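Note sheet for the following structure.
Protein chains: 2
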Amino acid sequence: MKKLMMVVGVSLLLSTGGVAQEKKIFTIDDLIPGGATYNEHLPENIFGLQWWGDICIKPEIDKIVSVDPTHKMKETTIVTLEQINSALEKNKLGKIYHFYSVTFPFTNKKVLKIEMPKESVFYDFGLQRIIEIIHLKEKAANTDFCKENSSIAYSIDNNLYFADANGQNIQITNEPEGVVCGQSVHRNEFGITKGTFWSPKGNFLAFYRMDERMVADYPFVDIDTRIATVKPGKYPMAGMTSHEVTIGVYNKTTGKTIYLDAGNPKDRYFTNISWSPDEKSIYFIELNRDQNHSQLFRYNVASGKKEKMLIEESHPKYVEPQYPILFLKGDPTKFIYQSQRDGFNHLYLYSIEGKLIKQLTKGKWLVKEILGFDEKGENVYISSTEASPLEVQIYKVNIKTGKCMRITQAAGTHATLLSFSGKYAIDRYSSTNVSRNIDLIDINKVKSYNILTASDPYKEYKMPIIEMGTIKADDGVTDLYYRLIKPVDFDPSKKYPTVVYVYGGPHAQVVSNTWLGGARGWEIYMASRGYVMFSVDNRGSENRGREFEQVTFRQLGVIESKDQMKGVEFLKSLPYVDANRMGVHGWSFGGFMTTNLMLRYPDVFKAAVAGGPVIDWSYYEVMYGERYMDTPQTNPEGYKECNMKLKAGNLKGHLLVVIGGIDPTCVPQHTYSFIKACIEANTYPDLFVYPGHQHGVVGKDRVHLSNKMTQYFDQYLK
Amino acid sequence: MKKLMMVVGVSLLLSTGGVAQEKKIFTIDDLIPGGATYNEHLPENIFGLQWWGDICIKPEIDKIVSVDPTHKMKETTIVTLEQINSALEKNKLGKIYHFYSVTFPFTNKKVLKIEMPKESVFYDFGLQRIIEIIHLKEKAANTDFCKENSSIAYSIDNNLYFADANGQNIQITNEPEGVVCGQSVHRNEFGITKGTFWSPKGNFLAFYRMDERMVADYPFVDIDTRIATVKPGKYPMAGMTSHEVTIGVYNKTTGKTIYLDAGNPKDRYFTNISWSPDEKSIYFIELNRDQNHSQLFRYNVASGKKEKMLIEESHPKYVEPQYPILFLKGDPTKFIYQSQRDGFNHLYLYSIEGKLIKQLTKGKWLVKEILGFDEKGENVYISSTEASPLEVQIYKVNIKTGKCMRITQAAGTHATLLSFSGKYAIDRYSSTNVSRNIDLIDINKVKSYNILTASDPYKEYKMPIIEMGTIKADDGVTDLYYRLIKPVDFDPSKKYPTVVYVYGGPHAQVVSNTWLGGARGWEIYMASRGYVMFSVDNRGSENRGREFEQVTFRQLGVIESKDQMKGVEFLKSLPYVDANRMGVHGWSFGGFMTTNLMLRYPDVFKAAVAGGPVIDWSYYEVMYGERYMDTPQTNPEGYKECNMKLKAGNLKGHLLVVIGGIDPTCVPQHTYSFIKACIEANTYPDLFVYPGHQHGVVGKDRVHLSNKMTQYFDQYLK
């Protein structure tokens with residue numbers, strides 16, 4: 002039941018002959034972020050590529066070049082690093098070493114914005130001088146610039162401030178410790194990535210206020226102080242008391258703040274804040290704590306009162322509002338609302354009174370993102386999985402006709418930035434064989450101008466062969482996508498040790514049409530050391546629609562593991578896979594999956610490395626945990642079935658559990674309680690801790706981790 | 002340079018022939034405390050053997066028998082369990098199931114004392130009824146009974162109380178949290194094992210008061226609560242602010258408490274409290290924080306004022322007062338003072354004014370304990386190492402003549418309990434070949450009556466051969482004692498893997514003339530699985546005198562490791578030791594030593610298990626840490642030389658570090674900071690944590706630990 006989809010490294014297949022000797026063998030430092038030589042093998046890139054109106058801005062080492070798509074891609078140097086630094090130094094503002102933090106916020110002004118540690122500096126590259134400076138206070142974080150009023154909202158510790166170029170620097174909130182203002186809330190599980198929302202004209206600042214004082218602390222221990230100290234972190238666990246969120250609106254003219262009066266219960270999620278174009282209304286989606294009922298509300302900004310409930314959705318499992326509504330360009334009476342109500346995330350056009358006008362997109366694929374509108378607001382640009390669940394392509398959707406036109410053509414995964422008018426786009430993509438490509442697209446002419454095609458960063462190395470295809474899920478019907486990496490110098494008559502890399506949780510996909518098929522450096526490294534590496538995206542994972550994901554509801558790990566076992570079945574059908582030398586590895590949900598596979602199918606894998614695993618969902622936080630598992634009180638059987646501690650006695654193979662010492666996501670209690678359960682059950686897992694690391698082991702230490710994992714698999718599988 | 006001293010298991014050597022098949026092979030459960038079958042193999046014992054005046058009390062299963070040495074060891078049943086329980090139940094006090102907590106405090110009254118959870122019950126076995134009950138409050142701990150006034154001093158949380166049989170139940174102190182009264186202070190490093198001291202006639206209660214409020218907390222994390230919680234523990238680390246101790250005296254008649262006025266500095270140690278026989282004075286030894294200057298002071302109980310400094314000692318390294326002064330029986334003008342001033346702990350007779358009368362004991366051996374006086378107070382009984390540093394024998398020292406007579410004869414290690422008059426003694430001993438022997442000794446007649454000779458508890462098992470002997474220390478002069486355990490079914494023509502078990506720190510000895518030469522069950526287990534097991538007590542360890550111990554001052558681990566390497570040299574000289582398959586294991590100071598050996602001599606040991614190790618002495622507590630290392634401020638080179646983190650890059654072999662998750666002695670910061678240092682140095686230790694365990698892994702989980710260690714050595718040495 003497999004279908005060979007694509008093969009990477011064919012040229013290298015050819016090179017296994019006479020010239021093979023010239024190819025280098027990877028070291029771990031070449032392939033792991035943080036490795037000494039890792040940066041030497043990154044695909045070429047252009048950092049800071051962006052739009053200034055319809056002019057493309059292309060930073061180079063020592064100057065910024067503009068590329069004008071309206072004038073045959075004419076390139077002009079607009080400013081040099083030397084010029085900027087001379088101006089900065091004249092104002093005693095230090096200097097910059099690159100253009101990564103330079104932006105062009107004003108469509109029609111020759112002004113660029115430079116982020117310095119404590120200032121935002123506005124430099125006029127026509128006049129070649131600094132025209133404005135906004136000074137921030139010490140410890141400023143979460144900065145949010147509003148180009149309409151040239152102000153910056155920011156936070157210091159738990160309170161909210163704003164500063165402008167006139168030297169105003171005002172503290173908006175004055176809350177005690179435990180009440181956080183102007184920062185992202187609800188642990189980012191609801192499409193929330195920030196805590197401040199300027200109104201379209203810059204007269205108001207809406208912001209989140211989160212009261213965490215009633216939430217239990219998790220005691221993280223800092224071992225780097227003279228004597229270890231506890232650094233408590235608020236962590237509401239599934240079924241426990243959660244924080245309470247409200248939305249404040251600061252009126253820049255009056256200096257007053259009102260809080261939107263959402264009433265009771267307080268135990269809800271307030272997500273996807275958006276402003277009406279006239280600044281008179283704020284819209285957001287309210288989700289009940291059970292996460293099975295969402296309501297889009299309009300609030301009156303002047304009174305703070307609820308005006309109208311516009312759209313509501315419910316589902317016996319859960320609903321997942323992830324995107325704010327978006328008003329049409331030039332028509333403030335209509336907005337686009339996104340919903341998975343037909344099983345896939347699609348766009349719906351609504352009137353301002355909440356009346357459905359029509360479904361804009363439809364099909365067994367999903368909209369990933371709205372990129373913007375064209376100049377007249379007749380078309381909306383989206384990215385979607387219509388071409389393939391493994392790809393992201395860009396489409397233009399006519400709002401009137403619903404006609405959908407594909408913009409990007411090259412197979413792969415595109416990330417696209419529209420110009421101000423929507424006529425042009427900077428299109429970056431990678432695909433299994435292309436490490437990075439950047440085009441400048443003239444959308445209407447369907448023409449593209451290549452800015453960069455990165456060469457293969459690994460061309461000097463012996464590469465493994467990467468194959469992708471599908472197998473059937475445990476239901477016998479659903480296609481699952483896999484990636485199979487054959488060892489370097491592959492000999493089909495040999496038997497190879499094999500490691501499955503798994504994630505398996507919602508909102509993520511491991512196999513995709515991106516560079517190397519989405520494989521990570523460690524997989525390439527293992528393949529270069531003689532391992533077959535395999536991954537399959539089981540049901541429950543991303544980009545396949547609601548039913549595919551929600552089949553795991555209230556019993557995380559059960560069906561996912563069954564699907565992974567179909568992958569194992571497939572592997573066992575391959576003559577070169579040594580079924581007696583199989584391993585599995587994953588991190589986070591993948592660590593949970595690894596533990597599941599070791600304990601639910603104890604005779605399959607001889608060795609495993611579970612990183613930062615969930616062990617017992619009752620230790621996970623309310624937002625993610627209750628969405629997928631409900632609460633320990635309402636779903637005791639599910640929590641029991643998915644509790645790895647209760648299966649600790651099943652452990653047969655070698656299982657190394659690795660955690661960051663202060664992991665704030667899967668708190669250490671998961672792993673230590675699992676170790677305790679294994680001790681009680683007389684089983685023998687291994688354990689390693691990366692002190693001071695959080696949910697991922699990053700930086701230089703990631704190389705150590707990768708070596709540690711490699712050694713572990715070598716020990717038992719080689 | 003070795004000398005074969007003794008061989009255990011000779012009979013088993015013979016049994017390797019035809020009858021060997023009948024012998025059983027040990028399982029781990031047979032040999033590890035907490036193992037399912039461990040208790041079946043404990044040497045026979047008699048619990049609760051004690052004196053009632055000069056009558057020996059011998060509890061049996063359902064009755065207590067008295068043995069009268071003055072009447073030809075006549076045995077009489079004095080009470081049955083049934084009788085006691087009938088009386089207890091009549092008073093609604095529950096029942097007892099054994100006699101372990103029954104004592105006979107009154108020499109001349111037919112009364113025994115029974116400890117019930119909340120009561121002390123006095124039962125008259127002449128009248129066969131309960132005559133007194135002392136009721137304690139909930140949570141009573143640290144009980145201290147005074148037979149002179151039939152009162153019990155006890156603590157609840159951090160405060161001190163007392164209760165008597167008249168129903169008085171009085172709170173003596175009323176201190177806030179962080180001030181602890183009536184409990185042992187200074188972390189037990191100064192011979193302090195309790196916090197209350199009744200005066201000889203029972204009119205006063207002296208007690209320790211320790212103010213810990215200025216001491217930093219170590220954050221221990223309890224993972225067994227719904228969400229993990231921090232349980233802070235006061236832990237003054239070397240060089241940091243320590244607690245302040247004072248001594249209070251409660252006057253039972255007036256109900257008033259005064260505190261002895263010791264003046265400044267507050268940063269001192271107050272140790273070895275004793276009362277004058279007339280209750281008018283309290284003596285204790287003051288030790289400066291640097292621990293190189295001790296002063297014996299007399300305080301006036303009525304005024305609380307310092308009256309006189311009687312004896313002082315100083316030493317460029319450290320002085321270690323471990324024993325309170327002891328007034329002679331019948332002569333309150335003289336007392337015995339113990340000191341290492343001539344290099345070994347000996348007894349000195351002093352006048353009450355602090356004038357040295359004479360040295361009572363002398364020699365290159367040390368007094369372990371004063372057991373008491375004979376009837377007229379002419380002789381003092383001591384235990385000492387005069388016979389051998391590996392043994393403890395009992396001696397009678399004539400105070401006038403200094404004549405010393407050995408009482409116990411059997412080679413081995415004796416623990417002896419004198420009768421009231423000092424005429425008789427209960428003598429328990431074990432030796433390499435004797436698991437337990439209990440005699441009743443008539444001291445003057447030098448006659449003994451055997452109460453128990455335990456049979457070999459392992460007689461059904463294949464036993465390894467245990468050899469003991471000496472090698473020269475790294476100085477080429479000093480004898481060090483070793484224990485060598487040859488594998489079961491030893492074949493001298495084979496090459497065996499070998500594991501060194503090490504402790505190596507002060508105040509402990511691993512090799513001794515006790516049952517199995519001091520070997521622990523795990524060593525026997527490993528030998529029964531085909532390992533050579535070896536231990537040697539390096540310089541720095543116990544029972545060899547001051548110079549032997551103090552050679553390690555300010556550089557713990559350096560000379561100790563050199564001596565251990567002499568052990569390795571010896572092992573390598575044995576034809577049956579495979580030098581390529583050597584391992585090392587130790588716990589606590591032994592974990593520190595294990596880590597030292599792996600990092601100072603990286604090519605010697607292929608595998609190691611370091612349990613609860615010290616890694617950096619600056620993380621250890623002030624009392625022990627500063628005694629041997631001074632402070633990080635005054636001995637920076639020493640702290641650097643002994644800091645395992647700075648040697649983390651040397652690691653070559655396999656090192657498993659194991660800790661209890663809430664180890665309050667070697668706090669987890671040691672191990673986690675070492676792991677971090679290894680990660681930074683790109684070396685690869687292994688780690689395991691026993692959640693919820695403290696400095697030792699005890700109970701059933703000790704079996705898991707022993708298996709874990711065994712697996713680790715098997716993996717790399719077998």
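Chains as they are written, first to last, in this note's numbering: chain A, 2 to 719; chain B, 2 to 719.
All C-beta atoms, glycine included, are put in the ideal place defined by N, C-alpha and C.
Just so we're clear, the structure is a prediction, and the values are computed from it rather than from any experiment.
Under 7 Å between the Cβ atoms of residue i and residue j?
i, j, result
"A/E468", "A/L485", "yes"
"A/G344", "A/G192", "no"
"A/T242", "A/M215", "yes"
"A/N539", "A/E561", "yes"
"A/K59", "A/L50", "yes"
"B/W523", "B/S707", "yes"
"B/Y602", "B/E190", "no"
Within the same chain, show all residues whose beta-carbon is closer than 7 Å to that of residue i, passing over the 5 residues directly before and after it, in chain order.
i, result
"B/W84", "The sequence shown places Gln at residue 84 of chain B, rather than the Trp named in the question. If we look at B/Q84 and ignore the five residues flanking it on each side, its Cβ neighbours are Q129."
"B/F689", "L657, V659, K709"
"B/D715", "none"
"B/R407", "Q394, Y396"
Cutting at 6 Å between CB atoms, please list the residues of its own chain near residue i, excluding the five before and the five after it.
i, result
"B/A611", "G592, T595, T596, V658"
"A/P322", "T272, N273, I286, S295"
"A/V103", "L113, I115"
"A/S152", "F163, D165"
Where residue i and residue j are concerned, what is the direct C-alpha to C-alpha distance, given to the nearest angstrom?
i, j, result
"B/A388", "B/K563", "28 Å"
"A/P44", "A/T414", "15 Å"
"B/Q695", "A/K677", "14 Å"
"A/G541", "A/S619", "20 Å"
"B/K401", "B/L348", "13 Å"
"B/G234", "A/P692", "21 Å"
"A/S16", "A/P488", "Low confidence applies here, because A/S16 scores a pLDDT of 39, under 50, leaving its location unreliable and the question unanswered by this model."
"B/P333", "B/P278", "6 Å"
"B/I26", "B/G470", "27 Å"
"B/Y36", "B/E176", "Rather than Tyr, the amino acid found at residue 36 of chain B in this sequence is Gly. Whole-angstrom Cα-Cα distance: 43 Å."
"A/S529", "B/K653", "25 Å"
"A/T194", "A/Y155", "14 Å"
Since residue i contacts residue j with CB under 8 Å, what's their CB separation in whole angstroms?
i, j, result
"B/Y713", "B/A608", "6 Å"
"A/L598", "A/F606", "6 Å"
Going by other Cβ atoms of all chains shown within 10 Å of its Cβ, with 16 needed for buried, is residue i buried or exposed?
i, result
"B/T38", "exposed"
"A/S121", "buried"
"B/R227", "exposed"
"B/Y101", "exposed"
"B/K460", "exposed"
"B/Y98", "exposed"
Residues in its own chain within less than 8 Å of residue i by CB, not counting five upstream and five downstream?
i, result
"B/E543", "P507, H508, A509, Q510, E550"
"A/T258", "I173, T174, G249, V250, Y251, N252"
"B/R290", "S243, P266, D268, R269, Y270, V623, E627"
Residues of chain D with a CB under 8 Å from the CB of residue i: which are they?
i, result
"B/D687", "You won't find chain D in this structure, because its protein chains are A and B."
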